[in-house]
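So the structure is just underneath, and the comments pick up after that.
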Amino acid sequence: MVTKIRLDQLEKELSELVGGKATLEIMRQMEHSSEQELVEMREAFGNLLAATIPAETIVS
-5 MVTKIRLDQL EKELSELVGG KATLEIMRQM EHSSEQELVE MREAFGNLLA
45 ATIPAETIVS
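In the working numbering, the protein residues as written are -5 to 54.
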């Protein structure tokens, strides 16, 4: 039980770290992007979210 909690915490912290680095990289790339590239990135991000979030949790 204690090990499970520690693993869950470690996974959460690692996810936040990786997500933070990915976000910084995306922001760096966006600085030098055209309007069309930004639109494409937004669409790709929306598709990624749709693929990773179960449909029943998305409320329109």
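Beta carbons are placed, not taken as given, at the ideal position from N, Cα and C, and that holds for glycine. Given the structure is predicted, the values throughout are model-derived calculations rather than measurements.
Euclidean distance between Cα positions of residue i and residue j
| i | j | result |
| --- | --- | --- |
| Gly40 | Leu4 | 27 Å |
| Ile(-1) | Ser9 | 15 Å |
| Glu29 | Leu1 | 41 Å |
| Arg22 | Lys15 | 11 Å |
| Gly13 | Thr46 | 14 Å |
Sequence-distant residues of its chain with Cβ nearer than 8 Å to residue i (five each side left out)
| i | result |
| --- | --- |
| Ser27 | Met35 |
| Glu19 | none |
7 Å CB neighbourhood of residue i in its chain, flanking five on each side removed
| i | result |
| --- | --- |
| Leu32 | Met24 |
Unbroken stretches of the alpha helix (DSSP H), 4 residues or longer, contained in the segment 5 to 52:
Counting only runs of 4 or more, we get 29 to 46.
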